[in-house]
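Q: Which chain is which? The protein sequence lines are G and R, in order. For the first sequence, my numbering gives the first residue as 1, with consecutive numbering after it. For the second sequence, my numbering gives the first residue as 271, with consecutive numbering after it.
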Amino acid sequence: MKKKKLIVFAFLALLIVLVAIFAKWLCPYDPYEQDLSASYQAPSFIHVMGTDAYGRDMFSRVIIGGQVSILATLLLVGIISISGTCIGIISGFFGGTVDMIVMRISDLCLAFPGLVFALAVAAILGGGVWNAVVALALISWPKYSRVARGLTLSIKDSTYVAAARLAGDNSFQLIGRHILPNIIGPILVTAMLDIGTMMMELAGLSFLGLGAQPPVAEWGSMMSNGRSMLQTYPWVVLSPGIAIFISVVIFNLFGDTVRDAIDPKSNRTK
Amino acid sequence: MKKLVALMLAATMTIATFVGCGASNKEEKHASTGSKVFVFGDTTFNAENEEATIDPHDTYCGWPAVRYGVGETLFKFNDSMELEPWLAESYENVDDLTWKVTLKDGVTFSNGNVVDAEAVKACIEDLVAVHERAAGDLAIDSIEADGLTLTIKTTTPKPTLINYLCDPYGAIIDVTAGNEGGIVVGTGPFVATDLVTGDHINLVKNDNYWDGDVKLDEVKVITISDGDTLAMALQNGDIDAAYGMAYASYPIFENDDYTFTSTSTSRVFYLQMNYNSDIIADDAVRAAIAMGIDKESFVDTLLNGYGYVGAGAYPDSFPFGKGVNVQTYDPEGAKKVLEDAGWKDSDGDGIREKDGKKLSINWVSYPSRQELPLLAESAQASLNDIGIDVQLNITPDHGTIVSEKDGWDVYGAAFVTCGIGDPMYFFSTHCLADSTKNRGSYSSTDLDALAAEMNETFDTDARSDIAIKMQQQILDDNAFVFCSFLKMSMISKANVTGLVAHPCDYYEITADLDIE
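#1: What do you get for K428 of chain R, buried or exposed, if any count of 16 or more other CB atoms within 10 angstroms of its CB means buried?
#2: Under 8 Å between beta-carbons, which chain R residues line up against A53 of chain G? List them in chain order, please.
#3: Just to confirm, is the Cβ distance from C774 of chain R to M351 of chain R under 8 Å?
#4: Between the segment 467–475 of chain R and the segment 347–363 of chain R, do at least 3 Cβ pairs fall closer than 8 Å?
#5: Listed from N- to C-terminal order along the chain, which residues in the segment 518–543 of chain R have their beta-carbon within a distance smaller than 7 Å of any beta-carbon of chain G?
#6: Alpha carbons only, please: which of G:S69, G:D30 and G:Y54 is nearest the one belonging to V19 of chain G?
#7: Would you kindly work out how many angstroms separate the C-alpha atoms of V484 of chain R and T493 of chain R, rounded to a whole number?
#8: Bridge partners for F530 of chain R per DSSP, in chain order?
#9: Have a look at T323 of chain R and G339 of chain R and give me their C-alpha separation to the nearest angstrom.
#10: Can you grab the Cα-Cα spacing for the pair S711 of chain R / I744 of chain R, in whole Å?
#11: Given this structure, state the Cα-to-Cα distance separating L420 of chain R from G689 of chain R, to the nearest angstrom.
#12: To be precise: take each residue of the segment 218–241 of chain G, compare its Cβ to all Cβ atoms of chain R, and keep it if any distance is under 8 Å. Which residues remain?
#13: Using a Cβ-Cβ distance cut-off of 8 Å, determine whether Q788 of chain R contacts chain G.
#14: Identify, in the order they occur along the chain, each residue of the same chain with its Cβ nearer than 7 Å to the Cβ of R800 of chain R, setting aside the five sequence neighbours on each side.
#15: Based on DSSP bridge pairs, tell me the residues matched to M58 of chain G.
#16: Please list the partners that Y32 of chain G has in chain R, where partner means a Cβ-to-Cβ separation under 9 Å.
#17: Taking V307 of chain R as part of the beta strand (DSSP E), name the residues at either end of that continuous run.
#18: Can S587 of chain R be considered in contact with the ligand PLP, in the sense that its beta carbon sits closer than 7 Å to one or more heavy atoms?
#19: Is the CB-CB distance between N708 of chain R and R556 of chain R below 8 Å?
#20: Which runs of the beta strand (DSSP E) fall wholly inside the segment 718–770 of chain R and span at least 3 residues, in chain order?
#21: Buried or exposed, going by whether 16 or more other CB atoms sit within 10 Å of the CB of I80 of chain G?
#22: State the start and end residues of the unbroken alpha helix (DSSP H) segment that holds N574 of chain R.
#23: Could you work out which residues of chain G lie near S360 of chain R, taking near to mean beta carbons separated by less than 9 Å?
#24: Within 10 angstroms of its Cβ, does W130 of chain G collect 16 or more other Cβ (buried), or is it exposed?
#25: Starting from W480 of chain R, follow its DSSP beta bridges and name the residues at the other end.
#26: Compute the distance between the beta-carbons of G84 of chain G and A148 of chain G, then report whether it is under 8 Å.
#27: Along the chain, where does the alpha helix (DSSP H) that runs through E395 of chain R open and close?
#28: What's the C-alpha gap between D508 of chain R and I779 of chain R?
#29: Where does the unbroken beta strand (DSSP E) through V445 of chain R begin, and where does it stop?
#30: Considering only C-alpha positions, which residue in the set R:N381, R:G417 and R:G376 is nearest to K391 of chain R?
#31: Measuring straight from C-alpha to C-alpha, what distance separates D525 of chain R and R259 of chain G?
#32: Using alpha carbons as the reference points, say which of R:G311, R:I550 and R:N383 lies closest to K490 of chain R.
#33: Distance, Cα to Cα, G204 of chain G vs A405 of chain R?
#34: Using a C-beta to C-beta distance shorter than 7 Å, which residues of chain R count as neighbours of P215 of chain G?
#35: With distance defined between alpha-carbon atoms, name the residue in R:D496, R:Y513, R:T571 and R:N546 nearest to T533 of chain R.
#36: Between which two residues does the alpha helix (DSSP H) containing G710 of chain R stretch?
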């Protein structure tokens, strides 16, 4: 049963990623082509999700917007999970001053509401999807460094690590052969569960005008542009909204099932 | 079981949220006092629009002073933008440099002080001492006050002196009363009691109003810069009328519960070119931009038809708004102009290059005029088609960016070009060496000569002819592109009477405004 669930969600998540990668070839229309004579058309067989103020096909924009939203999110999660883990392991393994400094910095980051800090950074860097990714990366890594550090601390003193050390392994060998393999599972689960959150935050920054800039199609900025049409031309704002909703739900459920599969402890709580 | 409980809890909470939204009692608001309170939602009363207070002697703060019924000028404009008496009864042009203005008898400030020539003199002297634009417009040499007669001498011939005095900065205020917190004492039907920049201004009825009875007891003007919030505020009944509603929201209000008041104005949405930029200094690039903007579609579709396609600086309802030749939308022509000037797409990315430099322009504009982002984004697409890459920077901080020489190429902005009923206004503010808004350092000796001629000309028809030539000059240089004129609308609840849109966009809240 559990395995079936994992396969279904893995398939759906993969499908979303594939759509994002091959977006360019899947769009029925040019997502940036304006046709003012066709503006505000309601969803129909010609335009499945209708058209926006500039007469651009919403379905094409949602697909191409997914490319930006999803690929940027995956990249973001990749960056923060790898960098956060490295920092956490170094900090936990070597301890002392390094540990203290790194952990106080991460305390600082955790003390700020994430989006507010990201807003400030994005405002300094200026608009653009990649600047938004940098802004969110700067604030989001401590989550991983905390997990990695905690696990490293518990593993570092175990007998098999001590044995490896006596056998002549240096620090890097210890980390690579004994510590990393033992903490990769929880990190992976954290990363999977984080995809949904990061997707929302990235869309949030774009919604506030600090992420993707026009005419780049990105779900958050598309919703922001369509805001004033919620009552009059709802499809302009609902189409990207539903896309965000579906993607976040699928990645969250996928993360859940991965956790259930990797982490045997979670079975007991059920 | 646990799941079921959680599901039910979630459902209950969701329902409770929506119930909370609908429970506000719209009629309750004013019932307790029995007084007539009018709440007005405005998008522009904020520092971004240089309307931080209602002190007319500070930047563009005269606009809210006149709009919200606090200040009044010596003369006012009628619907055809011709002068009518207001605080003054008549004027006489004694000679080229001398004007005699006779004030109405019995006019008082809201604090009871009499408006006589002495008070008006003190006000205008304070104005020209602190307000750079007014000082330049009026060029006042001396003012003599005698009872109700004011004799104004100018340093140079000023054929439009009286028109300039009708600019909102000419609102007559009692300078002896001070301007604490930006609140001044004027002569209008309402008195400001409380003001927070970018948030609200509270006004009460002026019991001493000199020109008849004021129907409302209180007026609250709330700044709501966000179009959606404004639409929802009007729907909820939080405000009684709105200025600056988003076009996309108009269909919500096109029914019997609401009233539209609309008029054509001389507020133009225009592009100003930055001659300090190497790319823009190229004549071909400016010409291509002018040819690459589809003004008609912009007006018909993006503005829902609430506007007029622009040609020159003035709408064709004015005598000087006719007879100019202008580039029409011609993408093929634009491509050819660029091709001939050496801008070619050699690397096949759709964007042209010349001498290794990409044809990429930095377009600065601001969001508080909702037409501007729409114009920017539609132009971005149409210019991209002819091989010009457009980087948009739409920010409330536009003023700082365009005050620098570098860092921008095209500035999309809005301006009331004929705010004083005379055609010199736009040129003196935007096109001459000493113009405060000549942000792109445009200069033309031909235009300067025409401006000098205009300054010496008192005859209205002759001024119109010169104005047409001047417009043709800036259009031939492609220094400006005039995209569309605003059809200004205010939307009110059906029970509001006396709210009338005026072509000059100055007069909104008046003694006649009422709510039933």
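C-beta: ideal position from N, C-alpha, C; glycine also.
A: Here's the rundown:
#1: Numbered from 1 along the second sequence, position 158 holds the residue referred to as residue 428 of chain R. Around the beta-carbon of K428 of chain R, 16 or more other beta-carbon atoms lie within 10 Å, marking it buried.
#2: Start at 1 with the first residue of the first sequence, and residue 53 of chain G comes out as number 53. Here the neighbours are A518, T571, L572 and L644.
#3: The sequence position of residue 774 of chain R within the second sequence is 504, counting from 1. The sequence position of residue 351 of chain R within the second sequence is 81, counting from 1. It is a contact, given that the beta carbons lie within the stated cut-off.
#4: Fewer than three Cβ pairs drawn from the segment 467–475 of chain R and the segment 347–363 of chain R lie within less than 8 Å of each other, which leaves the two stretches out of contact.
#5: Cβ contacts with chain G come from A518, S519, P521 and I522.
#6: Residue numbering aside, residue 19 of chain G sits at position 19 when the first sequence is read from its first letter. If you compare the alpha carbons of G:S69, G:D30 and G:Y54 with that of V19 of chain G, the shortest gap goes to G:S69.
#7: Residue numbering aside, residue 484 of chain R sits at position 214 when the second sequence is read from its first letter. Residue numbering aside, residue 493 of chain R sits at position 223 when the second sequence is read from its first letter. C-alpha separation (whole angstroms): 23 Å.
#8: Taking the first residue of the second sequence as 1, we reach residue 530 of chain R at position 260. Listed as beta-bridge partners of F530 of chain R by DSSP are R:I761.
#9: Stepping through the second sequence from its first residue, residue 323 of chain R is reached at position 53. Stepping through the second sequence from its first residue, residue 339 of chain R is reached at position 69. A direct Cα-to-Cα measurement between T323 of chain R and G339 of chain R gives close to 14 Å.
#10: The residue labelled residue 711 of chain R in the question sits at position 441 within the second sequence. The residue labelled residue 744 of chain R in the question sits at position 474 within the second sequence. Computed Cα separation, rounded: 13 Å.
#11: Here residue 420 of chain R corresponds to residue number 150 of the second sequence, with the count starting at 1. Here residue 689 of chain R corresponds to residue number 419 of the second sequence, with the count starting at 1. Roughly 24 Å separates the two Cα atoms.
#12: Hits within the stretch, in order: R227, S228, M229, L230, Q231, T232 and Y233.
#13: Since the first residue shown for chain R is 271 and the last is 786, residue 788 of chain R is missing from the structure and cannot be characterised.
#14: The requested residue 800 of chain R does not occur in the structure, where chain R is confined to residues 271 to 786.
#15: Translated into the one-based positions of the first sequence, residue 58 of chain G becomes position 58. None, per the DSSP bridge assignment.
#16: One-based indexing of the first sequence puts residue 32 of chain G at position 32. In chain order: A651 and N654.
#17: Stepping through the second sequence from its first residue, residue 307 of chain R is reached at position 37. V307 to D312 is the extent of the beta strand (DSSP E) around V307 of chain R.
#18: The model on display carries no ligand, and the ligand PLP is accordingly not part of it.
#19: As a first step, residue 708 of chain R must be located in the second sequence, where it is residue number 438. As a first step, residue 556 of chain R must be located in the second sequence, where it is residue number 286. Contact check for N708 of chain R against R556 of chain R fails: the beta carbons are separated by 8 Å or more.
#20: Listed in chain order, they are 750–763.
#21: Residue numbering aside, residue 80 of chain G sits at position 80 when the first sequence is read from its first letter. I80 of chain G comes out buried.
#22: As a position in the second sequence, residue 574 of chain R is number 304, starting the count at 1. Segment: none, N574 of chain R is in no alpha helix (DSSP H) and carries neither H nor E.
#23: In the second sequence, the residue the question calls residue 360 of chain R occupies position 90. Residues of chain G with a Cβ closer than 9 Å to the Cβ of S360 of chain R do not exist, since the nearest Cβ in that chain sits about 48 Å away.
#24: Locating residue 130 of chain G in the first sequence gives position 130, counting from the first residue. Label assigned to W130 of chain G: exposed.
#25: Within the second sequence, numbered from 1, the residue matching residue 480 of chain R stands at position 210. In the DSSP output, where bridge partners are listed per residue, W480 of chain R has none listed.
#26: Looking up residue 84 of chain G in the first sequence gives position 84. Looking up residue 148 of chain G in the first sequence gives position 148. The Cβ-Cβ distance between G84 of chain G and A148 of chain G falls below 8 Å.
#27: Looking up residue 395 of chain R in the second sequence gives position 125. That run of the alpha helix (DSSP H) goes A387 to V400.
#28: Locating residue 508 of chain R in the second sequence gives position 238, counting from the first residue. Locating residue 779 of chain R in the second sequence gives position 509, counting from the first residue. Roughly 18 Å between the two C-alpha positions.
#29: On the second sequence, position 175 is the one that residue 445 of chain R refers to. Run containing V445 of chain R: none; DSSP gives neither H nor E here.
#30: Taking the second sequence and counting its residues from 1, the one referred to as residue 391 of chain R is at position 121. Restricting attention to R:N381, R:G417 and R:G376, the CA atom closest to the CA of K391 of chain R is found in R:G417.
#31: Locating residue 525 of chain R in the second sequence gives position 255, counting from the first residue. Locating residue 259 of chain G in the first sequence gives position 259, counting from the first residue. Here the sequence assigns Asn to residue 525 of chain R, which means Asp is not the residue at that position. The alpha-carbon atoms of N525 of chain R and R259 of chain G are separated by roughly 55 Å.
#32: Position 220 of the second sequence, counted from the start, is the residue given in the question as residue 490 of chain R. It is R:G311.
#33: The sequence position of residue 204 of chain G within the first sequence is 204, counting from 1. The sequence position of residue 405 of chain R within the second sequence is 135, counting from 1. Roughly 47 Å separates the two Cα atoms.
#34: For this step, residue 215 of chain G is matched to residue 215 along the first sequence. Here the neighbours are E647, Q650 and A651.
#35: Indexing the second sequence from 1 puts residue 533 of chain R at position 263. Ranking the options by Cα distance to T533 of chain R, first place goes to R:Y513.
#36: On the second sequence, position 440 is the one that residue 710 of chain R refers to. Note, G710 of chain R: premise wrong, no alpha helix (DSSP H); not H, not E.
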